[in-house]
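Please read the structure below before turning to the comments.
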Amino acid sequence: QIEAGKTIYPNPKNIFKAFDKTPFDKVKVVILGQDPYHGPNQAQGFCFSVEKGQKLPPSLKNIYKELETSLGISPSNSGDLTAWTEKGVFLLNAILTVEAGKPASHSQIGWEKFTDSVIKTISDKKENIVFLLWGAFAQSKEYLIDKNKHFILKTSHPSPFSANRGFLGSNCFKETNEILEKIGKEKIDWKLDE
């Protein structure tokens with residue numbers, strides 16, 4: 143598609159950025175998204191995250207609201223979640239690319255087969271991972287996760303269309319840290335630099 147002159151997001155060098163920033167042996171938490179943002183200068187290779195200096199997408203604003211309500215963390219002006227990835231939060235989109243201006247345009251090209259395998263491998267090879275499954279799409283991947291070895295926290299999606307149906311007020315970030323502390327792992331510092 144790139145050769146045909148189509149614009150694809152994220153930049154090809156960032157397609158596997160989530161894997162580079164959160165190596166397998168460092169994963170403590172998995173947040174599963176659907177596909178990258180489809181606007182210019184937004185997608186950076188992590189679910190829900192946007193490049194520094196970009197306007198905050200509505201879902202990310204709600205993520206920040208939940209962080210403020212449950213943990214007292216003031217919302218960042220930046221939508222760049224890179225700091226989380228460096229603390230063991232694997233920000234995985236099930237579909238890793240998208241054509242500009244066309245959400246879910248790459249949903250049938252095989253990415254899900256690959257990312258389903260990634261989720262299954264994390265489930266099979268690791269223990270005590272906290273999986274945050276926000277919304278019906280993410281929750282449709284629950285069957286890939288061994289519930290006897292891992293923790294699954296489910297809420298509605300942080301999108302403005304559904305955030306009030308469970309995401310806001312879910313305490314999912316606080317609960318994640320309580321789980322990590324209980325099993326002897328270091329809590330995630332969810333605070334982001336400006």
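Here the sequence shown is numbered in the working numbering, starting from 143 and rising by one per residue.
Beta carbons: idealized from backbone N, C-alpha and C, even for Gly.
All values reported here derive from a predicted model rather than from experimental measurement.
- In the structure shown, Glu-228 falls within a coil segment according to DSSP collapsed to helix, strand and coil.
- Taking 8 Å as the cut-off, the Cβ atoms of Leu-310 and Leu-295 do not count as close.
- Look at the beta carbons and you see the stretch 329-336 touching the stretch 223-239: at least three pairs across the two are nearer than 8 Å.
- Residues of the same chain with a CB within less than 8 Å of the CB of Phe-158, apart from the 5 flanking positions on each side, are Gly-187, Leu-238 in chain order.
- Scanning the stretch 264-290 from its first residue to its last, the whole beta strand (DSSP E) runs of 3-plus residues come out as 272-276.
- It is roughly 19 Å from the alpha-carbon of Ile-150 to the alpha-carbon of Lys-194.
- Beyond the five residues adjoining it in sequence on each side, Asn-319 comes within less than 7 Å, by CB distance, of Lys-329, Ile-330 in the same chain, given in chain order.
- In this structure, DSSP gives Lys-203 a helical state, which the three-state scheme calls helix.
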